[in-house]
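Asks: Once you've had a glance at the structure underneath, I'll fire off some questions.
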Amino acid sequence: MHSRSLVPHSPGLKLPIANLRNVFRPHDVERKLAKLAARDHENLRATYERMLERGPERFQVKPSGVPEMADLYEQLPNFADALDDIKRHVALSQDSGDGIEITPMLLLGPPGIGKTHFARQLAELLGTGMSLVPMSSMTAGWLLSGASSQWKGAKPGKVFEALVDGQYANPVLVVDEIDKASADAQYDPLGSLYSLLEHDTAEAFMDEFAEVAIDASQVIWIMTANDERCIPEPILNRMNVFEIDAPSPEQARAIARNLYRSIRAEHGWGRRFDEEPGDDVLDSLAELAPREMRRALMTGFGNARLAHRGSIEAEDLPKCGGNKPKMGFMQ
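Going by numbering that gives the first Met the number 0, the sequence shown opens with residue 0, and the numbers climb by one from there.
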């Protein structure tokens with residue numbers, strides 16, 4: 000396979016190495032296309048033609064060495080165990096032709112503590128793409144595996160889309176709120192995961208719409224859940240489970256401080272504001288769930304600007320709602 004370098008996604012990250020890997024066999028697609036009746040299955044025909052036009056090669060990327068992860072440990076202090084696991088897998092794949100292979104992981108913890116943000120940061124760290132599969136909003140059981148072309152309005156599933164329509168052979172796929180997947184008697188929405196989470200069977204994953212074998216063995220799986228009791232045992236057994244606690248008060252302050260500095264650096268108007276937030280602002284932000292901190296800070300920046308100030312004050316932040324529990328102090 001050919002190898003080429005890609006531009007790093009963040010400062011201090013070593014250049015990712017990209018091999019090319021085939022995610023399907025064009026001959027299989029050509030055979031399926033030849034069997035289609037002339038005027039039937041227009042969507043299926045268009046899918047096969049798109050596959051052949053794009054070709055089977057996708058980038059399989061990995062860092063060229065163990066990347067500097069200190070910033071991630073600062074941003075996500077309550078995810079240290081999961082970050083340690085990533086670091087181990089990256090270390091195994093360096094200095095070899097092997098792709099990075101990460102055991103599927105389940106991030107288990109209360110809502111709003113940054114589980115999806117962790118997945119985005121991981122995709123950036125590894126230099127690959129990310130697709131989000133929100134199980135709580137499923138209207139049909141075929142979100143992952145696609146629906147048979149015999150059904151009206153059928154289309155391929157998220158795994159097929161990520162690999163065939165995407166750029167990468169090893170994207171990060173986040174199955175968000177896996178414990179919220181609702182199964183009916185006819186279809187188990189998690190059924191396809193039994194084969195997708197096993198490396199050997201994932202090499203020939205069959206999307207129910209395209210019915211062409213897809214190599215999903217390099218996908219990096221991250222599941223999030225609030226309650227593991229709703230997840231079938233055979234799926235739990237295929238993953239490393241990390242219980243993510245809500246950040247401690249000190250960790251919440253550190254997250255808020257990093258977020259303030261990040262937002263300030265990302266915007267041209269940031270230079271109008273102090274480099275560091277005040278202690279009273281950090282105390283107020285630390286009472287919020289990490290997912291709520293960004294919204295609160297954006298409101299704070301806007302209110303401070305309206306008041307012609309270069310510093311945010313605690314009064315600029317939105318008031319915490321009623322008796323809502325304070326995430327930063329959950330045990």
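Using N, Cα and C, we set each Cβ at its ideal position, and we do this for glycine too.
All values reported here derive from a predicted model rather than from experimental measurement.
If we count Cβ pairs, one from each stretch, closer than 8 Å, do we get three or more for the segment 152 to 166 versus the segment 107 to 126?
Replies: No, the segment 152 to 166 does not touch the segment 107 to 126.
Asks: Rounded to whole angstroms, what's the CA-CA distance from residue 200 to residue 157? Just pull it up for me.
Replies: So the alpha carbons of these two residues sit roughly 17 Å apart.
Asks: DSSP three-state label for residue 208, please.
Replies: The answer is coil: DSSP assigns residue 208 none of H, G, I, E or B.
Asks: Report the residue ranges of all alpha helix (DSSP H) runs contained in full by the segment 221 to 254; include only those spanning at least 4 residues, in chain order.
Replies: Entirely contained in the segment 221 to 254, the alpha helix (DSSP H) runs reaching 4 residues are, in chain order, 232 to 235.
Asks: Taking the continuous alpha helix (DSSP H) assigned at residue 80, which residues delimit it?
Replies: Segment 79 to 92, the alpha helix (DSSP H) holding residue 80.
Asks: Compare the C-alpha of residue 151 against each of 112, 172, 208 and name the closest.
Replies: Nearest C-alpha to residue 151: 208.
Asks: Could you compute how far the alpha carbon of residue 257 sits from the alpha carbon of residue 131?
Replies: Cα to Cα, the separation comes out at about 25 Å.
Asks: Could you give the uninterrupted runs of the alpha helix (DSSP H) lying entirely in the segment 164 to 201, keeping only those of 4 residues or more?
Replies: Whole alpha helix (DSSP H) segments, 4+ residues: 192 to 195, 198 to 201.
Asks: What's the C-alpha gap between residue 267 and residue 227?
Replies: Rounded to whole angstroms, residue 267 to residue 227 spans 43 Å at the Cα level.
Asks: When you compare only the Cα positions, how much space is there between residue 219 and residue 76?
Replies: So the two alpha carbons sit approximately 22 Å from each other.
Asks: Between the segment 237 to 253 and the segment 54 to 69, can you find at least three pairs of beta-carbon atoms closer than 8 Å?
Replies: Contact between the segment 54 to 69 and the segment 237 to 253 is absent, because fewer than three Cβ pairs lie under 8 Å.
Asks: Tell me which same chain residues have a C-beta within less than 6 Å of the C-beta of residue 222, skipping the five on either side of it?
Replies: Within the same chain, residue 222 has close Cβ partners 105, 174, 177.
Asks: Going by the DSSP bridge assignment, what does residue 107 pair with across the sheet?
Replies: Bridge partners of residue 107: 224, 242.
Asks: For residue 121, name the three-state secondary structure that DSSP assigns.
Replies: Three-state result, residue 121: helix.
Asks: Exposed or buried, residue 189, counting other C-beta atoms within 10 Å across all chains shown (16 or more means buried)?
Replies: Looking at its Cβ environment, which holds 16 or more other Cβ atoms inside 10 Å, residue 189 is buried.
Asks: Would you check if the distance between the CB atom of residue 216 and the CB atom of residue 202 is smaller than 8 Å?
Replies: It is a contact, given that the beta carbons lie within the stated cut-off.
Asks: Short of 6 Å in beta carbon distance, which residues of its chain neighbour residue 337, apart from the five on each side in sequence? Order them along the chain.
Replies: The structure shown has nothing for residue 337, since the chain only spans 0 to 330.
Asks: Check whether the Cβ atoms of residue 262 and residue 23 sit closer than 8 Å, and answer yes or no.
Replies: Their beta carbons are not under 8 Å apart, which means residue 262 does not touch residue 23 by this criterion.
Asks: If you draw a straight line from the C-alpha of residue 318 to the C-alpha of residue 296, how long is it?
Replies: Whole-angstrom Cα-Cα distance: 12 Å.
Asks: The beta strand (DSSP E) spanning residue 292 covers which residue range?
Replies: No beta strand (DSSP E) holds residue 292; the alpha helix (DSSP H) holding it covers 289 to 305.
Asks: Could you check what DSSP says for residue 158 in three-state terms: helix, strand or coil?
Replies: Reduced to three states, the DSSP call for residue 158 is helix.
Asks: What whole-angstrom Cβ distance do residue 171 and residue 115 have, given they're in contact under 8 Å?
Replies: About 11 Å; that fails the 8 Å criterion.
Asks: With residue 133 as the anchor, note down where its alpha helix (DSSP H) starts and where it stops.
Replies: Looking at the DSSP string, residue 133 is not in any alpha helix (DSSP H); the run it does join, the beta strand (DSSP E), is 129 to 133.
Asks: Which residue or residues does DSSP assign as beta-bridge partners of residue 311?
Replies: Answer by DSSP bridge pairing: none, since residue 311 is not bridged.
Asks: What residues match up with residue 219 in a beta bridge as DSSP calls it?
Replies: Answer is 171.
Asks: Using 10 angstroms around the beta-carbon of residue 316, count the other beta-carbons present and answer buried if the total reaches 16, otherwise exposed.
Replies: With 16 or more other Cβ atoms within 10 Å, it is buried.
Asks: Within 10 angstroms of the Cβ of residue 54, are there 16 or more other Cβ atoms? Answer buried if so, exposed if not.
Replies: Exposed is the call here.
Asks: Who are the Cβ neighbours of residue 280 in its own chain at under 6 Å, not counting the five residues just before and after it?
Replies: Correct list, in chain order: 311, 313.
Asks: Have a look at residue 19 and residue 299 and give me their C-alpha separation to the nearest angstrom.
Replies: Rounded to whole angstroms, residue 19 to residue 299 spans 46 Å at the Cα level.
Asks: For the putative contact between residue 238 and residue 103, defined by C-beta atoms under 8 Å, what is the C-beta separation to the nearest angstrom?
Replies: Their Cβ separation, rounded to whole angstroms, is 4 Å, which keeps residue 238 and residue 103 in contact under 8 Å.
Asks: Could you check which residue in 282, 273, 234 has the C-alpha nearest to that of residue 303?
Replies: The shortest Cα separation from residue 303 among 282, 273, 234 belongs to 273.
Asks: How many Å lie between residue 225 and residue 244 at the Cα?
Replies: For residue 225 and residue 244, the distance between alpha carbons rounds to 11 Å.
Asks: Output the boundary residues of the alpha helix (DSSP H) element that contains residue 27.
Replies: Residue 27 -> alpha helix (DSSP H) spans 25 to 34.
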